[in-house]
Amino acid sequence: MGSSTLGKAASLDALLQECIHAFDDSGELHANMLPRTFLLMHCWYVTSSELAGKLLMIYRD
């Protein structure tokens, strides 16, 4: 399922970074399910608006 360095609990920023780094240079995920799982379940932790804002800030940096 991929080689994630996350432990049992991770901050939102750490989860986002792991999701971003799950993609290879050609934009493929292969067997890593973290991005899909996180996007499906993010509403348990953060609103979609807040998530979009954080992703936009990461993109701008």
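The numbering used here puts the sequence shown at residues -15 to 45. Quick reminder that beta carbons are idealized off the backbone N, C-alpha and C, glycines included.
Quiz item: In chain order, what residues of the same chain lie with their CB nearer than 7 Å to the CB of C3, ignoring the 5 residues before and after it?
Solution: Against the sequence shown, residue 3 aligns to sequence position 19. Around C3: L18, P19, F22.
Self-check item: Beta-carbon proximity list for A6, same chain, < 7 Å, skipping 5 on both sides
Solution: Here residue 6 refers to the residue found at position 22 of the sequence shown. Closer than 7 Å at Cβ, skipping near neighbours: G(-14), L13, N16, L18, P19.
Quiz prompt | Between the CA atoms of S(-5) and S57 - distance to the nearest angstrom | solution = The structure shown has nothing for residue 57, since the chain only spans -15 to 45.
Exercise. Identify which residue in K(-8), A(-7), Q1 has its Cα closest to the Cα of M41.
Key: Here residue 41 refers to the residue found at position 57 when the sequence shown is read from its first residue. Nearest Cα to M41 within the set K(-8), A(-7), Q1: Q1.
Quiz item: Going by the CB atoms, is the gap between K38 and D(-3) shorter than 9 Å?
Solution: Indexing the sequence shown from 1 puts residue -3 at position 13. Indexing the sequence shown from 1 puts residue 38 at position 54. Closer than 9 Å, so yes.
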